[in-house]
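Student:
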């Protein structure tokens, strides 16, 4: 579980002791809230009866944990000492610190989880600290969650303190064409749910900030505050309503080096929604009103869906006034129009098509039509192929096409893909703004628990309307156990271009983990980031531009010593049997650029997202997009990922945002969760 930096008092020793004491308390206190059942009534401990050893993960000599305390409810503790040395642009820094945290499940107070850290950075940047001098100061971090606190009358609640995101009601998250992002802040948040009536209440607020760092994850506070309050309820059979109010006095923009900067901008907004859900149909109406420094604005949009046999339909209409605002991040505004989507799937065929009519209210943004179509044919169990076509006709014309072939062979899974796009300038000419790229993705067959994939690309790419430049890229992604105690995991991407506007450089996030002894491990990580750019093959005029992509080169090296200990019954579903067999759940969250739902070597990870197991155990993805839940009881579980810090225009499909998983005995279950984008 990752923690993030909060402003600390000027007494670091006091805060360090407090953070360590609270984290240690989580792990060492006895599980007194565990029901006092007669131990003679407990069923016997589960005995591993799996015969086929090939289906099991490798067991080391340390697996016989003689000091493991299996009594009481689940609890865990971890502590890390970390050191890093890095460079951001032309500036260098050194950082060292400690972190501690864990979780504890109680019988009457829900599941408690804590992450606290204290670090010191010696930074040569003149603007590294709020005082404007070179950064040489102690920084702290803390995140505390209480989840699934049960109360009388069918009520349950989640309460958070520290670095959080503005809470979002289900109707606010359930958006098909437009998205209302959450805002990261340092403060407090609370949510209460009544399963009987369907009533849900939320509130949260604090100081606006943004995430920084890689292994030593941080949170930089900015000059601004945010507050949100909302409610959702069932007001008739099949009908749900929701209202959320959000107030913010800061707006997130890109600074002179591409970094996140808050500028003064006060805004107040109210979002109201109502939805009807039937067996095969759904419709949702959204109303949004905002009042900001730029002026007042209103918006409304309606989304509907219908399932008819092998066909599914999505359609809607929208009006988003000029300067419409929601929190710190920019959202779609100054547009009106409608859209229609149709999808078909049967046997070996699947296809979908869409049409958008978009008009600019002020005349200063895109005005025209956008259409796209995608088709795939599965010729056999080992071969599939298809393509897509996108057309943008209006004030900024463009056309894009894609052809792909997927094959399963002795070398694993292969995908060959060709992309092309042509955009016209203001005089109706294209030529030097044409882009094309040939990509070969290969996922190699490896042993269970390991993974290895490679990606090779070559083409000519035009960014931001500039002349196209030749570009070649190579990427590797994977993980492998190097014996019983040593493992390597990471991603490497190399890009070379031959023009002044070409994206070039070396990106890496490689970690080596050495298991020193039971409870102890040593990790070394090499990180380098050259930044990224919006793909020239993304033509949707309503897709929000990602912020902070042209960053200076950043590279750093980390050395981390970690101690961890667990106790109590395995993390099971509610009602799980004591002594049940366990497994391991891990995975990653990534940006699925080609929409094939397979993580390719060149696709980017997503950091700082919250992943929740069974609504109780929450972690944040690290800089490589990875998350893990060790010591999980076998059986069926629910895995949820929140789009709290997902960069626009990316989003999660409903099937990816929450899924059911089945864990088997001693299984190392890996789940890669893709985020998709409008096409």
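In the working numbering, the protein residues as written are 82 to 760. Just so you know, even glycine gets a beta-carbon here, dropped at the ideal spot from N, CA and C. Note that the coordinates shown come from a computational prediction; the quantities given were computed from them, not determined experimentally.
Between the segment 235 to 255 and the segment 355 to 368, can you find at least three pairs of beta-carbon atoms closer than 8 angstroms?
Tutor: With a cut-off of 8 angstroms, the segment 235 to 255 and the segment 355 to 368 count as touching, because enough Cβ pairs lie within range.
Student: What do you get for residue 443, buried or exposed, if any count of 16 or more other CB atoms within 10 angstroms of its CB means buried?
Tutor: Classification of residue 443: exposed, given that the 10 Å Cβ count is below 16.
Student: What number of angstroms, rounded off, separates the C-alpha of residue 667 from the C-alpha of residue 716?
Tutor: Cα to Cα, the separation comes out at about 15 angstroms.
Student: With contact counted as at least three CB pairs below 8 angstroms, one residue from each stretch, are the segment 633 to 644 and the segment 154 to 170 in contact?
Tutor: Segments in contact, yes.
Student: Less than 8 angstroms between the CB atoms is what I'm expecting for residue 543 and residue 519, so what's the real figure, rounded?
Tutor: So it is not a contact: roughly 16 angstroms between Cβ atoms.
Student: Does the structure place the segment 481 to 493 close enough to the segment 455 to 471 that three or more beta carbon pairs sit under 8 angstroms?
Tutor: Contact holds: three or more Cβ-Cβ distances are below 8 angstroms.
Student: Using the three-state DSSP reduction, which class does residue 741 fall into: helix, strand or coil?
Tutor: Here residue 741 sits in strand by DSSP.
Student: Sorted by chain position, which residues of the same chain lie with C-beta nearer than 6 angstroms to residue 526's C-beta, five sequence neighbours on each side aside?
Tutor: For residue 526, where only same-chain residues beyond five positions count, the Cβ hits under 6 angstroms are 493.
Student: Let me know the beta strand (DSSP E) ranges lying completely inside the segment 704 to 734, each 3 residues or longer, listed in chain order.
Tutor: Qualifying beta strand (DSSP E) stretches, in chain order: 707 to 714, 716 to 723.
Student: Whole angstroms are fine: how far does the CA of residue 244 sit from the CA of residue 310?
Tutor: Roughly 17 angstroms between the two C-alpha positions.
Student: Taking one C-beta from the segment 598 to 611 and one from the segment 545 to 564 each time, how about it: are there three or more such pairs within less than 8 angstroms?
Tutor: Segments in contact, no.
Student: Where do the ends of the beta strand (DSSP E) carrying residue 401 lie?
Tutor: That run of the beta strand (DSSP E) goes 392 to 401.
Student: Using 10 angstroms around the beta-carbon of residue 259, count the other beta-carbons present and answer buried if the total reaches 16, otherwise exposed.
Tutor: So residue 259 ends up on the buried side.
Student: How is the beta strand (DSSP E) around residue 248 delimited, first residue to last?
Tutor: Premise fails: residue 248 is in no beta strand (DSSP E) and is neither H nor E.
Student: Could you tell me if residue 731 is buried or exposed, where buried requires 16 or more neighbouring beta carbons within 10 angstroms of its beta carbon?
Tutor: Result: buried.
Student: Where do the ends of the beta strand (DSSP E) carrying residue 383 lie?
Tutor: Where residue 383 is concerned, the enclosing beta strand (DSSP E) stretches over 376 to 389.
Student: With DSSP as the reference, label residue 614 as helix, strand or coil.
Tutor: Correct three-state label for residue 614: coil.
Student: Roughly how many angstroms lie between the CA atoms of residue 187 and residue 193, to the nearest whole one?
Tutor: So the alpha carbons of these two residues sit roughly 8 angstroms apart.
Student: Using the three-state DSSP reduction, which class does residue 514 fall into: helix, strand or coil?
Tutor: Coil.
Student: With distances taken Cα to Cα, identify the nearest neighbour of residue 483 among 491, 406, 620.
Tutor: Out of 491, 406, 620, 620 has the C-alpha closest to the C-alpha of residue 483.
Student: Can you give me the start and stop residues for the beta strand (DSSP E) that residue 490 sits inside?
Tutor: Where residue 490 is concerned, the enclosing beta strand (DSSP E) stretches over 479 to 490.
Student: Nearest by alpha-carbon distance to residue 274: which of 228, 195, 200 is it?
Tutor: Here the closest residue by C-alpha is 228.
Student: Tell me which residues share the same chain as residue 109 and place their Cβ nearer than 6 angstroms to its Cβ, disregarding the 5 neighbours each side in the sequence.
Tutor: Below a pLDDT of 50, predicted positions are generally treated as unreliable, and residue 109, at 40, falls in that range; no measurement from the model is reported.
Student: Any idea if residue 392 is buried or exposed, counting beta-carbon neighbours within 10 angstroms, 16 or more meaning buried?
Tutor: By the neighbour-count rule (16 or more Cβ atoms within 10 Å), residue 392 is not buried but exposed.
Student: Note down the Cα distance separating residue 343 from residue 758, rounded to an integer number of angstroms.
Tutor: Roughly 26 angstroms separates the two Cα atoms.
Student: What does the alpha-carbon distance come out to for the pair residue 549 and residue 411?
Tutor: Looking at the two C-alpha atoms, the distance is approximately 28 angstroms.
Student: Using 8 angstroms for Cβ pairs, my map puts residue 303 next to residue 291. What's the rounded Cβ distance?
Tutor: At roughly 7 angstroms, the Cβ-Cβ gap stays under 8 angstroms, so residue 303 and residue 291 are in contact.
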